[in-house]
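Student: Each residue of the sequence shown is one higher than the last, beginning at 0 in numbering that gives the first Met the number 0.
We treat Cβ as the ideally placed atom computed from N, Cα and C, and that holds for glycine.
All figures in this text were calculated on a predicted structure; none of them were measured in a lab.
I'd like to ask some things about the structure below.
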Amino acid sequence: MTFEQVNVQITDGLLRQWQVRNSTATVPHTIERLRSAGNVDNLKRLLMTDAPPYRGRYPFLDTDLYKTLEGVAYEIGAGTAQDGAREFFDEVVELLERVQAEDGYLNSYFQDPANPRQPWEDLSWGHELYNLGHLIQAAVAARRRMGDGRLLAVAVRFADLVVERFGPGKEESTCGHPEVEMALVELFRETGDRAYLVQAGLFVDRRGRGTLKHTIFPPEYFQDHLPFRELPSVTGHAVRMAYLAAGAADIYLETGDRSLLTALDRLWDDMVATKLYVTGGLGSRHSDEAIGDRYELPSERAYAETCAAIATMQWAWRMFQATGGAKYLDVFERVLFNAYAVGLSADGRAFFYDNPLQRRPDHEQRSGAETGGELLRRPWFGCACCPPNIVRWMAQLGDHVAAERDGALHIATYTGARIETPSIALAMETDYPWDGDVRVVVERASGEPYAIRLRVPAWARSVTASVNGLPVEGAEDGWLTVERVWAAGDELRLGIPMPVRAHGSHPYLDATRGAVSVARGPLVYCVEQQDCPVPVDDLVVSPERIAGAAVERSRDELPGAVVLRMTAEAAVPPSAELYPELPSERPAPGRTVPVAFVPHFLWGNRRPEAMRVWVRNA
0 MTFEQVNVQI
10 TDGLLRQWQV
20 RNSTATVPHT
30 IERLRSAGNV
40 DNLKRLLMTD
50 APPYRGRYPF
60 LDTDLYKTLE
70 GVAYEIGAGT
80 AQDGAREFFD
90 EVVELLERVQ
100 AEDGYLNSYF
110 QDPANPRQPW
120 EDLSWGHELY
130 NLGHLIQAAV
140 AARRRMGDGR
150 LLAVAVRFAD
160 LVVERFGPGK
170 EESTCGHPEV
180 EMALVELFRE
190 TGDRAYLVQA
200 GLFVDRRGRG
210 TLKHTIFPPE
220 YFQDHLPFRE
230 LPSVTGHAVR
240 MAYLAAGAAD
250 IYLETGDRSL
260 LTALDRLWDD
270 MVATKLYVTG
280 GLGSRHSDEA
290 IGDRYELPSE
300 RAYAETCAAI
310 ATMQWAWRMF
320 QATGGAKYLD
330 VFERVLFNAY
340 AVGLSADGRA
350 FFYDNPLQRR
360 PDHEQRSGAE
370 TGGELLRRPW
380 FGCACCPPNI
390 VRWMAQLGDH
400 VAAERDGALH
410 IATYTGARIE
420 TPSIALAMET
430 DYPWDGDVRV
440 VVERASGEPY
450 AIRLRVPAWA
460 RSVTASVNGL
470 PVEGAEDGWL
480 TVERVWAAGD
490 ELRLGIPMPV
500 RAHGSHPYLD
510 ATRGAVSVAR
520 GPLVYCVEQQ
530 DCPVPVDDLV
540 VSPERIAGAA
550 VERSRDELPG
560 AVVLRMTAEA
570 AVPPSAELYP
580 ELPSERPAPG
590 RTVPVAFVPH
600 FLWGNRRPEA
610 MRVWVRNA
């Protein structure tokens with residue numbers, strides 16, 4: 000039996016703060032930028048007789064509208080949409096209805112009469128099916144959250160055209176950028192039309208069989224060098240890889256094809272063991288936004304695209320749905336609070352595209368591919384895939400708090416929330432991730448035995464639990480299970496100790512050999528130059544000093560955050576020689592200095608100075 004989504008409303012805590020920021024700052028900012036960048040005008044111009052040129056250099060800019068529509072649909076459905084959001088939604092949907100071609104095709108770049116390129120002529124780089132995927136996801140969100148089926152009708156017409164052209168026995172091609180696969184499965188779930196599920200399976204199975212033309216990057220970039228089930232490791236463009244895996248997981252969930260699950264498990268385990276940054280970031284190469292080799296994880300050149308973080312969470316959640324495994328949620332949590340959260344500024348109006356784990360003192364490269372602009376996060380990009388992706392994912396965090404299967408409620412993500420199923424309703428109170436105490440109060444129960452399963456994070460050394468003050472045990476395989484006849488007013492408590500931890504890295508990971516990183520709970524920490532009295536490159540921190548760090552709530556530039564204060568060693572400044580001869584004796588220890596570590600997701604909100612996640616251990 001598969002997991003069923005439950006009704007969750009995030010009510011308090013850090014995730015609630017994020018969602019309020021999304022509705023009040025990030026969504027309005029994104030809508031304004033989509034207007035000023037020309038995304039909306041690219042649709043309007045298709046209705047003009049003497050139209051201005053298409054604005055932008057990429058053929059997939061409609062997806063920025065679709066991702067934003069998906070997030071706005073959640074906001075409207077929750078009653079949290081701000082002024083202008085509903086007007087934007089209606090305007091764009093009406094434009095899409097008007098400009099869609101008679102056969103259902105929809106893409107403002109290829110529908111441009113002045114564009115010499117024709118639809119479907121370059122599936123490797125045209126992104127038409129990628130566009131369709133995001134259109135479908137926005138349409139399904141609008142139908143489910145708003146009860147508005149207009150966009151779904153548009154998406155179905157386009158999807159039907161795709162089935163007609165690429166379906167069984169038809170053109171055996173696929174898209175250069177996976178994404179449509181999981182969207183087609185979702186369209187099948189919404190409409191019941193199995194043709195969409197079949198088409199999703201065809202797209203996964205065709206990859207790796209030479210249907211794409213490889214002009215700029217090799218087949219590995221597109222995950223097109225081997226059939227999906229034969230891939231030995233995650234490879235190529237990081238976002239494409241994780242979207243493809245998420246789509247394959249969706250197909251498994253609907254078909255039960257064990258060969259897909261076998262491949263997914265193998266790829267997942269290899270990724271976590273050899274290719275994932277300590278923050279959960281995926282992708283180490285800037286040149287092709289690719290994952291890289293095993294253990295190729297340089298800190299200052301980490302690409303770790305924000306979209307890849309979202310894609311990794313999508314894959315993780317589907318693997319949890321497929322197996323019930325807590326290990327997937329551990330990665331989901333790591334990505335959520337680190338690799339994903341770092342992509343957005345504290346004020347919600349500036350973004351990282353790539354997310355390094357180190358910033359050198361003389362670093363001048365701007366975030367994103369463009370020259371000039373801000374030294375840290377920037378308000379928009381020429382390829383603006385990440386900001387709207389943040390918008391939609393932030394709006395739907397409630398979908399990833401809990402799920403129900405086999406008469407058991409699985410609580411996967413800790414936050415202040417109200418959770419309802421037909422069998423039970425409860426309120427969850429916690430200050431997670433700053434604090435590990437979780438309180439669950441039952442508000443309604445069925446009078447029948449029912450299990451509540453609380454995830455025990457892999458980083459937790461021990462946990463305590465009680466029901467109505469009486470201790471309970473039973474933590475196994477990452478879950479603490481309490482089954483009983485619940486009654487209104489019952490209180491279930493979970494205590495997760497959060498000592499400060501020091502982490503090393505695998506000896507094959509050359510980039511961080513001899514270094515240590517700092518974590519507390521699900522959060523990875525970093526040191527910024529403004530919190531260190533000596534150059535961060537000269538800072539030496541031992542695991543013993545990390546374990547003794549003082550835990551404080553910040554009241555100044557990072558209000559509410561837990562800051563870690565400790566003493567460290569200031570190494571003697573090194574020789575100016577790049578490759579000096581090594582001394583036969585260990586150098587004398589440096590002087591002791593105070594230092595503060597801040598959550599990595601909050602770095603870069605003050606001044607553009609040096610930063611390190613990995614600090615010297617010797």
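Could you tell me which whole alpha helix (DSSP H) segments of length 4 or greater appear in the segment 406-447?
Tutor: For the segment 406-447, not a single whole alpha helix (DSSP H) run of length 4 or above is found.
Student: C525 and H599 look like a contact to me (Cβ under 8 Å); what is the Cβ gap, rounded to whole Å?
Tutor: Taking the first residue of the sequence shown as position 1, residue 525 is located at position 526. Taking the first residue of the sequence shown as position 1, residue 599 is located at position 600. Sure, about 4 Å apart at Cβ, within 8 Å.
Student: Please report the Cβ distance between S541 and N616, rounded to the nearest whole angstrom; I am assuming they are in contact, meaning their Cβ atoms lie under 8 Å.
Tutor: Against the sequence shown, residue 541 aligns to sequence position 542. Against the sequence shown, residue 616 aligns to sequence position 617. About 7 Å; that satisfies the 8 Å criterion.
Student: In terms of residue numbering, what span does the alpha helix (DSSP H) encompassing W10 cover?
Tutor: As a working note, residue 10 is residue 11 in the sequence shown. One point to set straight first is that residue 10 is Thr, not Trp, in the sequence displayed. Careful: T10 lies outside any alpha helix (DSSP H), inside the beta strand (DSSP E) at N6 to D11.
Student: In angstroms with no decimal places, state the Cα-to-Cα distance between R239 and P448.
Tutor: If you number the sequence shown from 1, residue 239 lands on position 240. If you number the sequence shown from 1, residue 448 lands on position 449. So the two alpha carbons sit approximately 43 Å from each other.
Student: How big is the Cα-Cα spacing for G83 and V71?
Tutor: Reading the sequence shown from its first residue, position 84 is the one you call residue 83. Reading the sequence shown from its first residue, position 72 is the one you call residue 71. Each residue's alpha carbon lies about 10 Å from the other.
Student: What does DSSP give as the partner residues of Q357 in its beta bridges?
Tutor: Numbered from 1 along the sequence shown, position 358 holds the residue referred to as residue 357. DSSP output for Q357 lists R611 as bridge partner(s).
Student: Consider the C-beta atom of L263 and the heavy atoms of the ligand NAP; say whether any pair is separated by less than 6 Å.
Tutor: In the structure on display, the ligand NAP does not appear, and there are no ligands present to speak of.
Student: Which of helix, strand or coil does DSSP assign to G494?
Tutor: As a first step, residue 494 is located in the sequence shown; it is residue number 495 there, counting from the start. Note: G494 maps to strand in three-state DSSP.
Student: Is the separation between the beta-carbon of V533 and that of V592 shorter than 7 Å?
Tutor: Here residue 533 is taken as the residue at index 534 of the sequence shown, counted from 1. Here residue 592 is taken as the residue at index 593 of the sequence shown, counted from 1. Yes, these two residues count as a Cβ contact at 7 Å.
Student: Under the DSSP definition of a beta bridge, which residues are partnered with E551?
Tutor: Translated into the one-based positions of the sequence shown, residue 551 becomes position 552. Beta-bridge pairing links E551 to V562.
Student: Three-state secondary structure (DSSP) at S35?
Tutor: Working through the sequence shown from its first residue, we reach residue 35 at position 36. Looking at S35 - three-state DSSP - the assignment turns out to be helix.
Student: Mind checking which residues open and close the beta strand (DSSP E) that includes E127?
Tutor: Taking the sequence shown and counting its residues from 1, one reaches residue 127 at position 128. Where E127 is concerned, there is no enclosing beta strand (DSSP E), although the alpha helix (DSSP H) it sits in stretches over E127 to A140.
Student: Rounded to the nearest angstrom, how far is the Cβ of V561 from that of W458, given a contact under 8 Å?
Tutor: By one-based count along the sequence shown, residue 561 stands at place 562. By one-based count along the sequence shown, residue 458 stands at place 459. Not a contact, Cβ separation roughly 15 Å.
Student: Determine the extent of the beta strand (DSSP E) in which F596 is found, giving its start and end residues.
Tutor: Residue 596 sits at position 597 when you count from the first residue of the sequence shown. That run of the beta strand (DSSP E) goes R590 to P598.
Student: Does the separation of the CB atoms of Q320 and F2 fall below 7 Å?
Tutor: Walking along the sequence shown from the start, residue 320 turns up at place 321. Walking along the sequence shown from the start, residue 2 turns up at place 3. Closer than 7 Å, so yes.
Student: Which runs of the alpha helix (DSSP H) fall wholly inside the segment 252-309 and span at least 4 residues, in chain order?
Tutor: Here the runs fully enclosed are 257-273.
Student: Give the DSSP-derived three-state secondary structure of F216 in the structure shown.
Tutor: The residue labelled residue 216 in the question sits at position 217 within the sequence shown. Correct three-state label for F216: coil.
Student: Whole angstroms is fine: what's the gap from S461's alpha carbon to P498's?
Tutor: Within the sequence shown, numbered from 1, the residue matching residue 461 stands at position 462. Within the sequence shown, numbered from 1, the residue matching residue 498 stands at position 499. Each residue's alpha carbon lies about 11 Å from the other.
Student: When the Cα atoms are used, what is the spatial distance from G103 to E93?
Tutor: If you number the sequence shown from 1, residue 103 lands on position 104. If you number the sequence shown from 1, residue 93 lands on position 94. Rounded to whole angstroms, G103 to E93 spans 15 Å at the Cα level.
Student: How close, in whole Å, do the beta carbons of E442 and A424 come, if the pair is a contact with beta carbons under 8 Å?
Tutor: Here residue 442 refers to the residue found at position 443 of the sequence shown. Here residue 424 refers to the residue found at position 425 of the sequence shown. Confirmed, Cβ separation roughly 5 Å.
Student: Buried or exposed: Q110, going by 16 or more other Cβ atoms within 10 Å of its Cβ?
Tutor: Numbered from 1 along the sequence shown, position 111 holds the residue referred to as residue 110. That one is buried.
Student: Could you check how far apart the C-beta atoms of G282 and Y251 are, in whole angstroms? I think they sit under 8 Å.
Tutor: Here residue 282 refers to the residue found at position 283 when the sequence shown is read from its first residue. Here residue 251 refers to the residue found at position 252 when the sequence shown is read from its first residue. 24 Å between Cβ atoms; not a contact.
Student: So, helix, strand or coil for L160, using DSSP?
Tutor: As a first step, residue 160 is located in the sequence shown; it is residue number 161 there, counting from the start. L160: helix per DSSP, three-state reduction.
Student: Three or more C-beta pairs under 8 Å: does that hold for the segment 231-250 against the segment 260-273?
Tutor: Taking 8 Å as the limit for Cβ pairs, the verdict is that the segment 260-273 does touch the segment 231-250.
Student: Quick one: Cα of K212 to Cα of Y242, how far?
Tutor: Taking the sequence shown and counting its residues from 1, one reaches residue 212 at position 213. Taking the sequence shown and counting its residues from 1, one reaches residue 242 at position 243. For K212 and Y242, the distance between alpha carbons rounds to 20 Å.
Student: Bridge partners of Y524, per DSSP?
Tutor: Reading the sequence shown from its first residue, position 525 is the one you call residue 524. Y524 is bridged to V517 and P598.
Student: Buried or exposed: which applies to I215, given that a residue is buried once 16 or more other Cβ atoms fall within 10 Å of its Cβ?
Tutor: Locating residue 215 in the sequence shown gives position 216, where the first residue counts as 1. Exposed is the call here.
Student: Pick out the complete alpha helix (DSSP H) segments inside the segment 169-254, 4 residues or longer, and give them in chain order.
Tutor: Entirely contained in the segment 169-254, the alpha helix (DSSP H) runs reaching 4 residues are, in chain order, 179-190, 193-205 and 237-254.
Student: CB E527 to CB W602, shorter than 7 Å?
Tutor: The residue you call residue 527 lines up with position 528 of the sequence shown. The residue you call residue 602 lines up with position 603 of the sequence shown. Their beta carbons are under 7 Å apart, which means E527 touches W602 by this criterion.
Student: My output table needs one value for H28: the three-state DSSP class, helix, strand or coil.
Tutor: In the sequence shown, residue 28 corresponds to position 29, counting from 1. DSSP places H28 in helix when its eight states are reduced to three.
Student: Just the Cα atoms here: how many angstroms apart are N21 and R391?
Tutor: As a position in the sequence shown, residue 21 is number 22, starting the count at 1. As a position in the sequence shown, residue 391 is number 392, starting the count at 1. Using only the alpha carbons, I get a separation of about 9 Å.
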